[in-house]
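Protein chains in written order, with the numbering used here: chain A, 1 to 380; chain B, 381 to 760. Just so you know, even glycine gets a beta-carbon here, dropped at the ideal spot from N, CA and C.
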């Protein structure tokens, strides 16, 4: 006897789940629609492997992913392998190595499953799907804007229209503080205060910079107003360059995707680890749920790059439901050619495997919407 | 100094690989085409997770998969999880548990990536993709034939037409030997002889059964002839029932898929672990490469089921190449509406991110097939 009954064999590890009909097909179709938008903009699809050697996957910038990563030993080489927690580092590796000789700018797309040791802050999924693009070898506002505009088109194809694109410049605050020469002991508490958006603490630790930083904190909102505040405030040269780039990205986005109307939060830097320029977070406006994120970074070998990663399963929770396929019951003995013709019309056919006493009842029992009678599909 | 230079960061574990453009897109499109055929026949897609608890994934029949399975510990529960080496057991689990109450026959489809500790006999891939169907809760020749016919239609959609479907009945030989009451010490050597198709050894160990077994060994080939031999030979009751089912499956396949013309190998059982009835192996006729396999088995809880699993990456090596999308270079400043119209025509557009000195040269450098000039797409 034991106090604990054996776990049900159907119990899955936390954060892992089965997708059932029709959700799994809906997800696959939405993913295909996303990838089609990326391909139509010249992004070539790559498919990196699920497992890589740990020292390759978690090299450089990606060391921060280590705590999110499942590891296992390759029995052949006794080297540690990692199940990818994120596909972006893999795509960056491919761009720098196997496609190192391909012409720049290089446009790549990808979609796949990742596994993370624990879910993010607002979710419990440990198996997460990703679909994204990377634009490698270009460092310009046009490049930043292209990634945002293409992402926005992909979301529109899924029927997601009430989306907000929040632009940030994660290195701006620290650049401003460093270049301004704020005394070293004040820097860490000041960054924490900015992270908490705590104006009083910014006042305490920000010295002569406090009014500027608090003005920027309050500037978060529609892009036009935020950019006006950024223009009006005195910034150090590096911070000014970042602010100018942000303004150029907003202008290029408005040209390429006039309906997008981004918001800007100039001081936000939470959760950005290795980004070096303008970044974007995509939210479902109604639910304040993060659907994707991306931005500018420096790839392996120092190459400039920017990208955007969307989360298909989260998109689907936010997207309007799609109509599912009609299911047509085919009584036993229906001719193969008839069945084929009905499938060509878009029906999913459900063939009886033997004679039913009552075809209508059998069709209903099997969840069909239609039944084949007298040579045509009748709605049930 | 060390004798061995550090491994290149781009080196992947054995059996893992990057798929590059255009192969990754071709594979995704082929997979979508397969899944569309399955859906059109009423198979509802499921998506089980990449990781499950080991004791769930490798329960019962699936213990044989253990040596192919990577394991890792769930830090939350300290239970061992397994990276799936095969999706069929997961689909069987879903059918028996979460969809245990769904009407039968239950038709499910699936596609995804699996990881195996070492590659199969004829290949070195350790990350393998699978796409398949399971027909659960029906035990009839019609059900066996449906799975084969749907698989054949899916292969035809990929342009794979020179395919051979080899039908086997893995339990037939052992049923015959057991029911016949052959002396225990002869059984194992006899099965080994049959596995090697060694007629002389069959003669030595087969006793009075040897002529029957050797006739069946020689019967392998086109279905009509093999079935004739099976009919003519004296079989024990259980073996006769299996042979009759095989004949009924061949007849049902010929009705549903007249062009398929299966072959039959009545004695073959190698590589089949838990199958209880008619099985099928799909080969590319020209290359003798196994593209998929499936057959009848008993699912969790004793429910009859049959299925077929295809290997998309192997299908693609055997399938004719598909035309890739035309790439259209858009000079800097091309209107957004023009770009959109060209994508709607099927072009993949490649937008210049700044002014090029020579648009034609730039288009060529970027691997484009067309360039936008004077308001239309000119072929390069």
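Not flagged as an interface residue toward chain B: residue 359 of chain A, since no C-beta distance is shorter than 8 Å. Look at the beta carbons and you see the stretch 340 to 353 of chain A touching the stretch 511 to 526 of chain B: at least three pairs across the two are nearer than 8 Å. DSSP places residue 164 of chain A within a strand segment (E or B) once states are collapsed to three. Closest in C-alpha terms to residue 41 of chain A, from the list A:346, A:14, A:105, A:90, comes A:105.
Straight across, the Cα-Cα distance linking residue 235 of chain A with residue 466 of chain B is about 58 Å. Between residue 529 of chain B and residue 658 of chain B the beta-carbon gap is near 13 Å, outside 8 Å, which marks them as no contact.
Out of A:75, A:25, A:18, the CA that lies nearest to the CA of residue 322 of chain A is found in A:25.
In the structure shown, the three-state DSSP call for residue 137 of chain A is coil. Per DSSP, residue 255 of chain A lies in no beta strand (DSSP E); the unbroken alpha helix (DSSP H) holding it starts and ends at 237 to 256. Listed in chain order, the non-local C-beta contacts of residue 229 of chain A below 8 Å within the same chain comprise 215, 216, 218, 219, 266, local neighbours out to five positions each way being set aside.
Counting along the chain, residue 109 of chain A sits inside the beta strand (DSSP E) bounded by residues 106 to 115. One alpha carbon belongs to residue 186 of chain A, the other to residue 193 of chain A, and they sit about 11 Å apart.
In this structure, the CA atom of residue 560 of chain B is about 10 Å from the CA atom of residue 554 of chain B. One thing to note: residue 593 of chain B has its Cβ no nearer than 8 Å to the Cβ of residue 562 of chain B. Chain A has a Cβ within less than 8 Å of the Cβ of residue 421 of chain B.
Residue 602 of chain B carries a strand assignment under DSSP once its states are collapsed to helix, strand and coil.
For residue 748 of chain B, the closest of A:167, A:43, A:32 by C-alpha to C-alpha distance is A:43. For chain A, the residues of the stretch 416 to 447 of chain B that bring a beta carbon within less than 7 Å of one of its beta carbons are 419, 420, 421, 422, 424, 425, 426, 427, 428, 429, 430, 431, 432, 433, 436, 439, in chain order.
Flagged as an interface residue toward chain B: residue 70 of chain A, by a C-beta distance shorter than 8 Å.
For residue 329 of chain A, the enclosing beta strand (DSSP E) covers residues 327 to 330. Here the stretch 41 to 60 of chain A lies against the stretch 723 to 730 of chain B, with 3 or more beta-carbon pairs under 8 Å apart. Excluding the 5 residues flanking it on each side, residue 151 of chain A has same chain C-beta neighbours closer than 6 Å at 308, in chain order.
Where residue 304 of chain A is concerned, the enclosing beta strand (DSSP E) starts and stops at 304 to 310. DSSP places residue 467 of chain B in no beta strand (DSSP E); its state is neither H nor E.
For residue 370 of chain A, the uninterrupted beta strand (DSSP E) run begins and ends at 370 to 373, by DSSP. With fewer than 16 other Cβ atoms from the protein chains shown falling within 10 Å of its own Cβ, residue 758 of chain B counts as exposed. Scanning A:358, A:363, A:306 for the CA closest to the CA of residue 142 of chain A turns up A:306. Remark: fewer than three beta-carbon pairs, one from each stretch, lie closer than 8 Å, so the stretch 567 to 586 of chain B and the stretch 673 to 681 of chain B are not flagged as touching.
For residue 641 of chain B, the three-state secondary structure derived from DSSP is coil. The three-state secondary structure of residue 746 of chain B, taken from DSSP, is coil.
Contact between residue 113 of chain A and residue 129 of chain A holds, with the beta-carbon distance rounding to 5 Å and staying under 8 Å.
Taking 8 Å as the threshold, the shortest C-beta distance from residue 544 of chain B to chain A does not fall below it. For residue 474 of chain B, the nearest beta carbon of chain A is closer than 8 Å to its own beta carbon. Separation of residue 328 of chain A and residue 363 of chain A (C-alpha to C-alpha, rounded to the nearest whole angstrom) is 8 Å.
Inclusion of residue 461 of chain B and residue 432 of chain B in the CB contact set at 8 Å is warranted, their separation being smaller than that value.
For residue 725 of chain B, DSSP records no beta bridge to any residue.
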